Structures are given as structure tokens and as C-alpha cells.
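Participant:
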Amino acid sequence: MWSFLQETSATGLFYNSLLLLQSFLGPKGCTHSPEDRACWKDGFNINTDYEYEVPTGKLVEYDFTISEHTIAPDGYLTNVTIINGQFPGPTIEADWGDTIRVTVHNNLTNLNGTSFHWHGIRQFQTNFLDGVPGVTQCPAKPGDSQVYEFRAMQYGTGWYHSHYSLQYTNGAYGPVVIHGPTSANYDHELEPLLVSDWYHADAFSMFHEEITDHAHIPTGTLMNGKGVFDCDPKEDARCTGKEERHEIFFEPGKKHKLRLVNSGSLATYKFWMDGHNFTVVANDFVPIEPYVTDVLILGIAQRYDVIIEANATLEHGSNFWMHATHCDDEMPVPWDTRIGIIRYDANDKSDPYTPPPSTHHPGYGCRDPDPSNLRPIVKRQVGKEVNDMSPSEYLRIGLQSWPNISDPDSVIRKWVLANRSQYVDWRDPSLMQIVSHDKVNLTEEAAPIYLDYETGEWVYFVIEGNFTMDPNINDPPRPIPRSVHPIHLHGHDFVILAQGDGEFTSDVVPNLNNPARRDTVNCAIGGYVWIAFQINNPGAWLMHCHIAWHASAGLSLQFIEQPSKIRQMVHASGILPSHEEQCARWTDHYNNVNIPQGVTQEDSGI
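Take any residue in the sequence shown, count from 1 to its spot, add 3: that is its number in the numbering used here.
1. Taking only the alpha-carbon atoms, compute the straight-line gap between I476 and L111 and give it to the nearest angstrom.
2. Would you kindly work out how many angstroms separate the C-alpha atoms of D510 and Y531, rounded to a whole number?
3. Are D77 and W201 touching if we call contact CB-CB under 8 Å?
4. In whole angstroms, what is the alpha-carbon distance linking N595 and S165?
5. From the DSSP output, in three-state form, read off M572 for me.
6. Specify the secondary structure class of A551 as computed by DSSP and reduced to three states.
7. Please confirm whether any heavy atom of the ligand FAD lies closer than 7 Å to the CB of V284.
8. Can you tell me which of the three DSSP states D351 falls into?
9. For my contact list, V180 and M226 are in at a C-beta cut-off of 8 Å; report their separation, rounded to the angstrom.
10. From the DSSP output, read off the bridge partner residues of S559.
11. Please state if the CB of L545 and the CB of L420 are separated by a distance shorter than 8 Å.
12. With H, G and I counted as helix, E and B as strand and the rest as coil, what does DSSP make of Q157?
13. By Cβ distance below 6 Å, which residues in the same chain neighbour T172 in space, the five residues on each side in sequence not counted?
14. For the candidate residues D66, V138, Y189, G123, whose alpha-carbon lies nearest to that of H35?
15. Residue ranges of each beta strand (DSSP E) run of no fewer than 3 residues wholly in the stretch 392–477, ordered along the chain?
16. What's the call for N516, buried or exposed, on a 16-neighbour Cβ count within 10 Å?
17. Check whether the Cβ atoms of E388 and W461 sit closer than 8 Å, and answer yes or no.
18. Taking all protein chains shown into account, do 16 or more other C-beta atoms lie within 10 angstroms of the C-beta of K245, making it buried, or fewer, making it exposed?
19. N48 bridges to which residues according to DSSP?
20. Please state the DSSP three-state secondary structure of T172.
21. Specify the secondary structure class of T523 as computed by DSSP and reduced to three states.
22. Mind checking who T316 pairs with in its DSSP beta bridge?
23. To the nearest angstrom, how far is the alpha carbon of D371 from that of P489?
24. Going by DSSP, what residues sit across from A327 in a beta bridge?
25. Can we say the stretch 66–82 touches the stretch 228–239, given the rule of at least three CB pairs closer than 8 Å?
26. Between which two residues does the beta strand (DSSP E) holding L263 run?
27. Note down the Cα distance separating I380 from G529, rounded to an integer number of angstroms.
28. With a threshold of 16 other CB atoms inside 10 Å of the CB of I54, please say whether the residue is buried or exposed.
29. Taking buried to mean at least 16 other C-beta atoms within 10 Å of its own C-beta, is K417 buried or exposed?
30. DSSP has W201 in a bridge; who is on the other side?
31. Let me make sure I understand the geometry here. Which of Q585, D591, T590, Q565 has the alpha-carbon closest to that of N2?
32. Do you know how far the Cα of S404 is from the Cα of E292?
33. In terms of residue numbering, what span does the alpha helix (DSSP H) encompassing L579 cover?
34. Pick helix, strand or coil for I311, following the three-state DSSP scheme.
35. On the CB-based measure, 16 or more other CB atoms within 10 Å of its CB, does E64 come out buried or exposed?
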């Protein structure tokens, strides 16, 4: 059994009474079963604080090759970048406490590097495996390989994706399932359901449309790499006429566990299933007290574990549609909302009944579920903030002219977070700079925020998507387009102190008593979110909007957490020589192959 106390005594970290007074383990001898899913094994259960106690596990290994292919997931041939020739990529499956080792081989022929991020995995004390080029590593060049190895200290649903610019939008992603206890019982567990927007154009080419204020509209929506595009093979050679929707099968009267993932690049979805309710049991990697709803707002990179009972009325047959559409009710989309099919009878291949249009599933302005419904099973009491942000330091989202920020007529605009548009250098990642220099001094365009605080202290941050410029601050005006922003923090789950519409004011009262906790939150259209997290994981941690185009256009920053402890952590890991070698190989490739051929970094890099 891994113990946080054992691990942190070696690194000089220590949590006081929080660790000493709390009993983590449930009764021994229980069995994880349909009648008791809250139990796990060896005394671990749903009440075990997974940040401090983790079961002993085994090693699970995966081998990934990333390469280019031409496929037709929606019946229309498209050039993609995928893993092991399949889309989505293979499911990484492990048990709570296992060690996961993934070897990634770069077999691309387009001169692009690659790196992979394991979304939602805390990477506790392993920041160097977080997979962000320009922040925690250099990319692996074509022909090279990289090994990622980390503990499954959390359990639930995650996903992995390339973090090399817009590469994941072209198909380089897949699900992560870490089995563990669940806060409600169920009979059967089904495969993860990945919902994503889809494009027939190359993501890198579409980036230029984004920065010139002409955002590309998705062609449609896929579920687990399947969809339907309306085209005629007689008129378009790329149209195969072999489109299909993803199907799942329910056993009547039984309860089924589903894992929902938004693996898209632009669309925040509202998701529902005709004739069925959801019992929500986890958000991101955080188990919660079960609550019931019939619609979920699924932000990019967010995950929900749900239990669905197969008890629908069968007056219109035994097949039912699964739906997803854009969450903004004022921005209707041209594609069909019907993205998948539930079948009670595998032999019945007929299309489901389509109910008449209804306003029963509102988009709620792309807001997350009410935070009061997302009550974590493992509780946290939030401590007093140590960073004491002033309004001028709020993390405000907007657009900025480029390269002359004072030119309101500029054709090119970049996204800004906290007065900066991030740009990182793939050849000189932040982590390597910190390890290599006595004094940490990252460039302004790398957008660092230094968190040099003691272990266990809390930092608070306000993220604003709606604000009035302070006339006392000499900044150019920043347009604020109508958009939800799914904000993801690496290296931590954060708590949601408050979330709302309109501008953030000093009258907002934070919830400090076991607030909602997750790693990705929607800053709703015209709204704000107030988050906090505890200092306990040294490293260079990215925080960014997970709309791929926004992140590529600079809507991101990095927290440099406990910089004085980072060097010791990296040296103790023994990984430094391989990281240095990979950087040397990438730099040589980039300087001598990419630059002469004009294949260079044009966006933020992340």
C-alpha cells in the first residue's frame, strides 16, 4: 500500500492534523460487487481519501504508434493523425493503484513532433511526465519514442491526447478508465462514450481562420469515432456512403454504468438520452454523492460517470436516440443532434422513434451543473488564501490585436488570459529552464505565475469572461466574444468557490465547506468562476482553455509551483538525462529539417 506520509517524508513535505486525525480505510473483507460498488478491496472504499492512501497495484503497459491515415468516421474520407491505426485510440484500462506505462512512437511523416498528456492525472511528484511541449518536455521528433510511466492514484474516467499544438483535433486521443469504487450500485459497466466535434479540414490549416476571427464550424458530431455526414457518393469521391452511428445495448431492468467524455475541440455539448435519466456519480476524477438529472452540459475535456437504469417506457419501441447539440441555445448548429442509439433488443435494427422538438433540454447558457449538486464524497475544507489577488490580477479572458496590440483594426487577434497571450518554445521547455538555472526567470510570453508557497497552503484565482476594463489601467480594449471557456488545470483538482453569470464582484461569497471539485470547469458565456487549489505538487503546471483554437491562440498560462523544490524532484527522478537527450534530438531536427522546409511553430505551442 502506498502512503502519502511515506512519500512526503522523503521529500520534506508534510500535512499536519489533516493526515493524522482522519481514518481513511473502510471495513476489511467487503467485496466489490453489484450489491456494494462503494467497496473496493483490502479495506479501500469510496470514503478512502485517494490523495493520501492508494492501493498496491500492478504494472499495465501499452504501446502507441502515432501516424497519418485516411479514414471516414462519418462516411467522408478525411486525413487524420491517429494511434495504432484506430480512432479513437486504444482504451487505457487499469485499476486504482496500478502503475501505467505507455511507450509512444512517433511515426509521422509530416515533420511534426508529438507529446501526450494524460488528462486529469495529477502526476503527483512526476510533473516531468505531464506531456506538454514547451512546458514539461520537448516533443519527440519523427522516428523517436518516449516512455510515460505514472501511478493511477485516482480512479474514474479520464482521457489522453496529444498536447502538440492542434494535433489531437486531427484524431490523436483516446479514453482512460481507472477502475475503483462507485457511489451508487450498478449491474453492468459499458465502454466509455467519447463525444466530439469533427472536421473534414486539417486542424493546423484551420488555425489561421481562428486568429483572423473566422472560427471554423464543425462538420458534425461523432460518438466513439462514428457519425453520419449527409453526402452523395455519386457527386463527391470522398463520400463513401458507409456512415453509421454508435450503438450501445441495455439489458432491460438492469442498471448500467456509462463514462461520458467530451473529447472535442470547440463544442460544449448538452447531452441527453430519450426516455432515460442519469444518476451522476462522478465528475472528472472526483466521486460525488449521486444526483439525478435528464440532461448534462458536457464541456470540452469534462467527464461524468453516470448510472442509467433500463426502465424506459416501450410504447414507441425498444430503441432510443442519444443526443448532443451545442449548449448555447442562441447559436443553433446545422448538424443532427442524434449521435447514437440505445437498443434493448440487439436483433431490432430499426431506427428509434424521434420525439417532437422540445424545450425540455435547455442549454443553461453553457453553465456547469449547479455546484451544489456536485458534492464530493471525500470532503475538503478550504483554507484561507495566501496569494490575496487584487481585481487587477484577476485572470481575465479576451482578444488582443497582434502584433500591434494598440491597433483595433488588426486582421489578426490572439486570445489573452491575465493580460498575456502565451507562447512557449518547444526547444526550451520551462521545466528544463528551471532545473538548469539557479534563478528561475521565464520569459513574459511564457506566461508564468509563480506560486512559491508552503505545502498545504491555498491559492485562489478568479477567472472572468465578462468584465469592464479599469480606466486606471493603461491597457488596450479587449473584445469579449460570446463563448464558453472550458478551463483545465494540470497537476491538481481545484475546488469551485463560486461560479456565476455577469461580472465578478466583491459581494460574491465563497463556498469553503466541501465545494465542488474537478480539473475542468466551464467559465460560462458572460460569466466567471472562482477556483482554489492546495499547494502540494511542485512543477510547471499549465492552465488553459480547452477549446483547441483558443489554447493555440494563447489562452493559457503556467503556474510554477514551489520552484525551489522542482530541481530536487527532477534530479531525484533520474529522468533528466533522457529529457535532455530528447531536447537535443528535437532541437537538431527542428533547426536543420523543419526550419529549412518552413514547417515551424506558428501558435502558442500547447
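Backbone N, C-alpha and C define an ideal beta-carbon position, used for all residues, glycine too. Note that the coordinates shown come from a computational prediction; the quantities given were computed from them, not determined experimentally.
Facilitator: Walking through what the data contain:
1. Residue 476 sits at position 473 when you count from the first residue of the sequence shown. Residue 111 sits at position 108 when you count from the first residue of the sequence shown. Summary for I476: the model assigns pLDDT 49, below 50, so the residue's position carries little reliability, and this model does not support an answer.
2. Along the sequence shown, read from residue 1 onward, the residue named residue 510 stands at position 507. Along the sequence shown, read from residue 1 onward, the residue named residue 531 stands at position 528. D510 and Y531 have their C-alpha atoms some 13 Å from each other.
3. The sequence position of residue 77 within the sequence shown is 74, counting from 1. The sequence position of residue 201 within the sequence shown is 198, counting from 1. Closer than 8 Å, so yes.
4. Indexing the sequence shown from 1 puts residue 595 at position 592. Indexing the sequence shown from 1 puts residue 165 at position 162. One Cα belongs to N595, the other to S165, and the distance between them is close to 24 Å.
5. Counting from one through the sequence shown, the residue named residue 572 turns up at place 569. Of the three classes helix, strand and coil, the one that applies to M572 here is helix, per DSSP.
6. Locating residue 551 in the sequence shown gives position 548, where the first residue counts as 1. Correct three-state label for A551: helix.
7. Ligands displayed in this structure: none; no statement on the ligand FAD is therefore possible.
8. Translated into positions along the sequence shown, residue 351 becomes position 348. DSSP places D351 in the coil class of the three-state scheme, outside both helix and strand.
9. The residue labelled residue 180 in the question sits at position 177 within the sequence shown. The residue labelled residue 226 in the question sits at position 223 within the sequence shown. Not quite, the Cβ-Cβ distance comes to about 17 Å (not below 8 Å), so this is no contact.
10. One-based indexing of the sequence shown puts residue 559 at position 556. According to DSSP, S559 bridges with H547.
11. The sequence position of residue 420 within the sequence shown is 417, counting from 1. The sequence position of residue 545 within the sequence shown is 542, counting from 1. In this structure, L545 does not lie closer than 8 Å to L420 by Cβ.
12. Taking the first residue of the sequence shown as position 1, residue 157 is located at position 154. DSSP places Q157 in the coil class of the three-state scheme, outside both helix and strand.
13. Within the sequence shown, numbered from 1, the residue matching residue 172 stands at position 169. Excluding residues within five positions, the ones whose Cβ falls inside 6 Å are A206, S268, A551.
14. Along the sequence shown, read from residue 1 onward, the residue named residue 35 stands at position 32. From the listed residues D66, V138, Y189, G123, the smallest Cα separation to H35 is found for Y189.
15. Whole beta strand (DSSP E) segments, 3+ residues: 398–405, 415–420, 451–454, 461–467.
16. Residue numbering aside, residue 516 sits at position 513 when the sequence shown is read from its first letter. Its Cβ having fewer than 16 others within 10 Å, N516 is exposed.
17. Your numbering for residue 388 matches position 385 in the sequence shown. Your numbering for residue 461 matches position 458 in the sequence shown. Closer than 8 Å, so yes.
18. Position 242 of the sequence shown holds residue 245. Counting C-beta atoms within 10 angstroms of its own C-beta, K245 has fewer than 16 neighbours from the protein chains shown and is therefore classed as exposed.
19. The residue you call residue 48 lines up with position 45 of the sequence shown. Paired residue(s): C42.
20. Indexing the sequence shown from 1 puts residue 172 at position 169. Looking at T172 - three-state DSSP - the assignment turns out to be helix.
21. Sequence index remark: in the sequence shown, residue 523 carries index 520 (1-based). Looking at T523 - three-state DSSP - the assignment turns out to be strand.
22. Residue 316 sits at position 313 when you count from the first residue of the sequence shown. When beta bridges are read from the DSSP output, T316 appears opposite no residue.
23. Against the sequence shown, residue 371 aligns to sequence position 368. Against the sequence shown, residue 489 aligns to sequence position 486. Between D371 and P489, the C-alpha separation is close to 10 Å.
24. In the sequence shown, the residue the question calls residue 327 occupies position 324. Answer is F274.
25. The stretch 66–82 vs the stretch 228–239: in contact.
26. In the sequence shown, counting from the first residue as 1, residue 263 sits at position 260. For L263, the enclosing beta strand (DSSP E) starts and ends at 258–265.
27. Residue numbering aside, residue 380 sits at position 377 when the sequence shown is read from its first letter. Residue numbering aside, residue 529 sits at position 526 when the sequence shown is read from its first letter. Their backbone Cα atoms lie some 31 Å apart in a straight line.
28. Looking up residue 54 in the sequence shown gives position 51. It is Glu, not Ile, that sits at residue 54 in the sequence shown. A residue is called buried once 16 or more other Cβ atoms fall within 10 Å of its Cβ, and E54 is buried on that count.
29. Position 414 of the sequence shown, counting from 1, holds the residue named residue 417. By the neighbour-count criterion, in which 16 or more other beta carbons inside 10 Å mark a residue as buried, K417 falls on the buried side.
30. Residue numbering aside, residue 201 sits at position 198 when the sequence shown is read from its first letter. In the DSSP assignment, W201 forms a beta bridge with G223.
31. Outside the displayed range of the chain (4 to 609) lies residue 2, so it cannot be described from this structure.
32. Numbered from 1 along the sequence shown, position 289 holds the residue referred to as residue 292. Numbered from 1 along the sequence shown, position 401 holds the residue referred to as residue 404. So the alpha carbons of these two residues sit roughly 45 Å apart.
33. What you label residue 579 is simply residue 576 of the sequence shown in a count that begins at 1. Element bounds for L579: 579–592.
34. Here residue 311 corresponds to residue number 308 of the sequence shown, with the count starting at 1. Strand.
35. Along the sequence shown, one-based indexing puts residue 64 at 61. By the neighbour-count criterion, in which 16 or more other beta carbons inside 10 Å mark a residue as buried, E64 falls on the exposed side.
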